[in-house]
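Q: In this note's numbering, the protein residues as written are 13 to 446. Positions of the beta carbon are idealized from the N, C-alpha and C atoms, including for glycine. All figures in this text were calculated on a predicted structure; none of them were measured in a lab. Below you'll find the structure I mean.
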Ligand code: AMP
Ligand code: GLY
């Protein structure tokens with residue numbers, strides 16, 4: 013079967029790689045893809061948010077499955093358009109993608125289905141939000157733009173002045189455009205953060221192995237938030253008890269609620285959770301795989317990825333059986349431009365990716381890379397590469413990943429040297445396990 017992978021990041025490169033290992037795989041197309049995917053996929057210059065262009069491409073090339081990486085095309089209705097054209101796709105339709113597309117929708121669903129989440133208020137009016145913040149007395153609080161804001165629409169505020177500034181910024185100055193016309197103000201939750209990612213076929217849920225990412229830009233979890241500077245899988249934070257709590261209190265009720273509402277969820281469901289002393293609480297849902305979480309999960313997937321994704325997309329996950337995993341640990345290190353998450357320089361030459369990828373148990377996933385007019389690999393974004401190592405322990409996986417990192421260089425390359433540190437230094441107490 014031929015498959016189209018939509019997107020151009022490290023996550024999508026990981027999809028291409030794992031699909032290339034599948035038994036029944038034919039040709040892999042990537043739209044638009046990146047400089048590193050060309051070895052296993054045909055990159056076609058159709059943008060990831062060009063719904064019509066992607067449907068035309070999938071139809072004209074006769075692909076049997078479309079794997080959608082980023083959230084924007086899902087929220088824009090790509091899967092509706094593909095399914096209407098008779099093409100199965102891994103990803104939710106527009107109505108269910110609101111789970112990520114609107115924080116207010118997500119909170120309302122949690123409230124109705126009694127899924128644990130922070131207490132909150134939704135505001136459509138700046139005047140009401142400002143007066144609420146001025147009279148508020150529980151700090152810190154969290155202010156969230158309702159719509160998609162490329163991971164930047166969440167501000168933790170420590171007093172009324174900060175809260176008022178954040179509200180003004182979103183609702184009056186329209187920093188995130190339409191995404192900030194409505195906001196959610198919610199209670200601050202304490203605990204350890206954990207991502208749980210599952211495949212959902214409308215009714216059946218297959219929870220993937222647990223993973224954790226590192227959002228802060230610098231070592232020691234310092235500096236501004238990024239899309240993720242590295243990740244590892246599995247994690248000891250997930251005891252059997254916490255796992256069951258997440259499945260029973262969060263994932264199953266979410267899937268049932270969407271099913272009952274007539275908007276069944278199909279695709280990858282990513283729950284961003286806080287493990288509090290009262291158990292897991294939902295921080296957010298994403299309607300896609302995490303990046304860089306997929307770069308540590310997919311190299312551990314032993315089941316046939318094409319069969320698994322196709323079963324998810326066509327509602328036959330219940331017949332698939334257990335998803336099988338490599339028991340080893342994976343650790344992924346993101347190599348970023350020195351300016352990331354701020355403005356970045358593009359077009360800088362990258363060397364050593366092939367040397368790194370030739371090391372045993374090392375995967376090099378391309379994110380912001382391109383081939384220049386002379387066919388040389390150059391930087392093309394903030395997060396440039398993700399180097400994943402596998403090993404019998406997290407320490408071994410991490411050593412393998414950094415051995416790969418050492419082979420690679422580009423001007424002003426920056427990476428965190430401490431991926432997995434909390435887990436390795438035993439700072440990660442299983443908060444929800446007590
Ligand atoms: P979100 O996009 O909603 O996951 O928020 C981004 C980040 O903000 C999360 O990964 C958390 O680190 C933090 N965050 C969001 N909501 C809360 C909350 N209610 N309490 C504490 N931290 C939060
Ligand atoms: N790594 C966090 C995310 O993909 O949202």
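According to DSSP, residue 426 sits in a beta bridge with which residue or residues?
A: 348
Q: Check residue 241 in the structure and name its three-state DSSP category.
A: coil
Q: Could you tell me the distance, in whole angstroms, from the CA atom of residue 425 to the CA atom of residue 355?
A: 14 Å
Q: Look at the alpha carbon of residue 360 and the alpha carbon of residue 160, and state the distance between them as a whole number of angstroms.
A: 30 Å
Q: Please look up how many angstroms separate the CB atoms of residue 329 and residue 211, rounded, as I've assumed it's under 8 Å.
A: 6 Å
Q: Residue 59 to residue 344, Cα distance in whole Å?
A: 27 Å
Q: Using a 10 Å radius around the Cβ and a threshold of 16 neighbouring Cβ atoms, would you call residue 331 buried or exposed?
A: Residue 331 counts as exposed, since fewer than 16 other beta carbons sit within 10 angstroms of its beta carbon.
Q: At what residues does the beta strand (DSSP E) containing residue 298 begin and finish?
A: 291 to 298
Q: Less than 8 Å between the C-beta atoms of residue 142 and residue 87, yes or no?
A: no
Q: Can you tell me the Cα-Cα spacing of residue 408 and residue 340, whole angstroms?
A: 10 Å
Q: Leaving aside the five residues before and after residue 179 along the sequence, list all residues of the same chain whose C-beta is less than 7 Å from its C-beta, in chain order.
A: 138, 141, 142, 145, 155 and 195
Q: Going by the beta-carbon positions, is the gap between residue 81 and residue 17 smaller than 8 Å?
A: yes
Q: Please classify residue 168 as buried or exposed, where buried requires at least 16 other C-beta atoms within 10 Å of its C-beta.
A: exposed
Q: Beta-carbon distances below 5 Å to any heavy atom of the ligand GLY define the shell here; list its residues in chain order, please.
A: In chain order, the qualifying residues are 225, 240, 302 and 303.
Q: With a threshold of 7 Å, establish whether the CB of residue 197 neighbours any heavy atom of the ligand AMP.
A: no
Q: For the segment 287 to 295 against the segment 199 to 218, are there 3 or more C-beta pairs whose distance is under 8 Å?
A: yes
Q: Going by beta carbon distance, what residues of the same chain come within less than 6 Å of residue 295, once the five residues before and after it are set aside?
A: 284 and 286
Q: Between the alpha carbons of residue 7 and residue 266, how many angstroms are there, rounded?
A: One cannot answer for residue 7 here, as it falls past the ends of the chain, which runs 13 to 446.
Q: Comparing the CB of residue 284 with every heavy atom of the ligand AMP, is any distance shorter than 7 Å?
A: yes
Q: Residue 94 and residue 79: beta carbons closer than 8 Å?
A: No; because the gap between Cβ atoms is not below 8 Å, this pair is not in contact.
Q: Kindly indicate which three-state DSSP category residue 447 falls into: helix, strand or coil?
A: Absent from the structure is residue 447, since the part of the chain shown begins at 13 and ends at 446.
Q: Just checking residue 160 against the ligand AMP - is the residue's beta carbon closer than 7 Å to any of the ligand's heavy atoms?
A: no
Q: Assuming residue 316 and residue 120 are in contact, meaning their beta carbons sit under 8 Å apart, how far apart are those beta carbons, in whole angstroms?
A: Between the beta-carbon of residue 316 and that of residue 120 there is about 38 Å, and that puts the pair past the 8 Å contact cut.
Q: Determine the DSSP secondary structure at residue 58, reduced to helix, strand or coil.
A: coil
Q: Taking 7 Å as the line, does the beta carbon of residue 130 fall inside it for any heavy atom of the ligand AMP?
A: Result yes, Cβ under 7 Å from the ligand AMP.
Q: Does any heavy atom of the ligand AMP sit closer than 7 Å to the C-beta of residue 121?
A: For the ligand AMP, no non-hydrogen atom lies closer than 7 Å to the CB of residue 121.
Q: Answer with buried or exposed for residue 444, where buried requires no fewer than 16 other C-beta atoms within 10 angstroms of its C-beta.
A: Model confidence at residue 444 stands at a pLDDT of 37, short of 50, so the residue's coordinates are unreliable; what they give is reported in the following sentence. Result: buried.
Q: Measuring straight from C-alpha to C-alpha, what distance separates residue 277 and residue 240?
A: 25 Å
Q: Give the range of the beta strand (DSSP E) segment to which residue 199 is assigned.
A: 195 to 199
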